[in-house]
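Note that the protein sequences, when read in sequence, are chains A and B. Note that the first sequence ends on residue 928 in this note's numbering; no numbers are left out. Note that the second sequence ends on residue 620 in this note's numbering; no numbers are left out. Every residue, glycine too, gets a C-beta built ideally from N, C-alpha and C.
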Amino acid sequence: MPQIDQLSESWFAISQLFWLAIIFGAVFFIIGLYMLPRVEATVDARDRKIADDLASAKAARDAADSLEEEYRTGTNRARGDAQGLIGKAKDKAAADTAKLVAKADAAIAEKMAAAEAAIAAARSQALAEVEEVASDSASALVARLSSAKISASDASGAVKVALNHG
Amino acid sequence: MAVAEPAQLDPMHQFAVQPIAHLFDIGGRGVYLTNSAVWMGIAALLLWIFMLGGMKRQLVPGRWQMAVEGFTGFISSMMTTNIGPEGRKYTPYIFSLFMFILFANIVGMIPLGLFGVHPFTATSHFTITGVLAILSFAIVLIVGFWKHKLHFFSLFVPHGTPLWLMPLIPPIEFVSFMVRPFSLGLRLFVAMTAGHVLLEVFSSFIIDSLHAGPALGVPISLASMALMVGISALELLVAGIQAYVFALLTSLYLNDAVNLH
């Protein structure tokens, strides 16, 4: 096995050690200490960039969500306000209408009362005139038929009786 | 044949470190540029080229950048799950360890032998894996004593140990703790060596059986070839798994040092 046999040669171990020290030392300093941190820094920078991008995307989505929420509450409030206004206007209109109707009713009732009173007056007057005309014509009938003169009061008394019965 | 060129069919020959050029001496011992060093360097270079794809640093990554980020993410998530947020401090070391072992393992698997170039698997040598294991173990010790001072020794007394087990448990824990660097280094070295030996043995079956004539050679060669394809796939898996196991165990040991337990 040359690995063991060559140990007895004076140059072997020292040459192996010398070159290993030189080459592995170079690998450690150039690859390990110089190149590796730069490669890792690139990876870290990329990871950080991805994380940042994700975070900003999340922030943008949250902002959009809150804007939408704001918009929705805004429209809801506006709709509520509008409905309140509409309701108030409706109530006011209804109240106005009711007031007008009441006023009109009162005026109509007044007019009707006046008219009824006028009708009642006219009616009682007409009845009085009927009585008078009836007693006149009754006394005239009596005078023509029996040539007897009857007093106006008798005639009207008879007419009253007849009217009340008739 | 085997007598004429013994090195050709020796399945262990592939692990021999060949000196290429003498550079200088350290303490009277020559330091050579070796094939092991060259292939370690190639693995490191390929790793560097691979990592360049991750340095484009685009916000929307391409395939290559995704692959690099997949590896870094894999290791750093392993560190955070095993150690916690404090684990990120040790990611550069564990990542270097994992990628270096992975590339060294895979470079050794590339069948460049077809073109006359023989890749060398540096991780099949315990002089390499052992040093990496001792390095990991040393980091564990330094971090442990740095963070917890002498309280680090409470690692050898697990929570809820009954008093009458006190003479028994801490020595066992201590032995298992001290065995860690050996198991860590030997596991990788043995797995790599065994896989490459197996491939070499099957390929020598093909050569030897063809020397014995086509009647015997062709069926044996076909069967060996089929097995080699399967074993190569398995070895690619092992190359990844062993690198992962080395990094995972180091991170678990570091977890002991950082958080005790």
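Using a Cβ-Cβ cut-off of 8 Å, B:Val427 is close to Val801 of chain A, given in chain order. For chain A, the residues of the stretch 369–400 of chain B that bring a beta carbon within less than 7 Å of one of its beta carbons are Met371, Phe374, Ala375, Val376, Pro378, Ile385, Arg388, Gly389, Val390, Tyr391, Thr393, Ser395, Ala396, Met399 and Gly400, in chain order.
Counting only runs of 3+ residues, the beta strand (DSSP E) found wholly inside the stretch 385–453 of chain B occupies 388–393, in chain order. Listed along chain B, the residues sitting closer than 8 Å to A:Leu779 by beta-carbon distance are Thr486 and Val490. Using a Cβ-Cβ cut-off of 8 Å, B:Trp523 is close to nothing in chain A; its nearest Cβ partner there is about 44 Å away. Taking 8 Å as the cut-off, the beta carbon of A:Ala914 is found closer than this to the beta carbon of A:Ser901.
Short of 7 Å from the beta carbon of A:Leu779, and not among the five residues preceding or following it, lies no beta carbon of its own chain. Apart from sequence neighbours up to five positions away, the residues of its chain that approach B:Ala606 with a beta-carbon distance below 6 Å are Ile453, Leu456 and Phe457, ordered along the chain. About 4 Å separates the beta carbon of B:Ala402 from that of B:Val466, a gap short enough to meet the 8 Å contact definition. Taking the Cβ atoms as the reference, B:Asn394 lies roughly 5 Å from B:Phe479, within the contact range of under 8 Å. B:Met458 belongs to the set of residues whose beta carbon lies under 8 Å from a beta carbon in chain A.
Taking 8 Å as the CB threshold, B:Phe479 stays off the interface with chain A. In the DSSP assignment, B:His477 falls outside any alpha helix (DSSP H), carrying neither H nor E. Here B:Leu368 really is in contact with B:Ser563; their C-beta atoms are around 5 Å apart, less than 8 Å.
Using a Cβ-Cβ cut-off of 8 Å, A:Thr837 does not count as an interface residue toward chain B, since no Cβ of chain B sits closer than that to its own. Listed by position along chain B, the residues whose Cβ is nearer than 9 Å to that of A:Lys811 are Leu418. A:Ile792 and B:Leu543 have their C-alpha atoms spaced approximately 25 Å apart. With fewer than 16 neighbouring CB atoms inside 10 Å of its own CB, B:Met525 falls in the exposed class. If you check the CB distance, B:Lys506 and B:Ala602 do not come in under 8 Å. If you check each beta-carbon in the stretch 542–556 of chain B against every beta-carbon of chain A, the ones closer than 9 Å belong to Phe548 and Thr552.
For B:Pro451, at least one C-beta of chain A is nearer than 8 Å to its own C-beta.
Cβ neighbours of A:Val904 within its own chain (closer than 6 Å, five residues either side excluded): Ile912.
Contact of B:Ala606 with chain A is not assigned, every C-beta pair being separated by 8 Å or more. By a beta-carbon distance limit of 8 Å, A:Val789 does not contact B:Glu428. Their separation comes to about 19 Å.
In this structure, A:Ser899 and A:Ser918 do not form a Cβ contact; the two beta carbons are roughly 11 Å apart against a cut-off of 8 Å.
Using a Cβ-Cβ cut-off of 7 Å, B:Gly432 is close to Val805 of chain A, given in chain order. Below the 7 Å Cβ cutoff, chain B contributes Leu418 as neighbours of A:Arg808, in chain order. Residues are counted here when their Cβ sits less than 7 Å from a Cβ of chain B; for the stretch 764–779 of chain A these are Pro764, Gln765, Gln768, Ser772, Trp773, Phe774, Ala775, Ile776, Ser777, Gln778 and Leu779, given in chain order. A:Trp781: member of the alpha helix (DSSP H) spanning Ser772 to Ala788, first to last residue.
For A:Ile792, at least one C-beta of chain B is nearer than 8 Å to its own C-beta.
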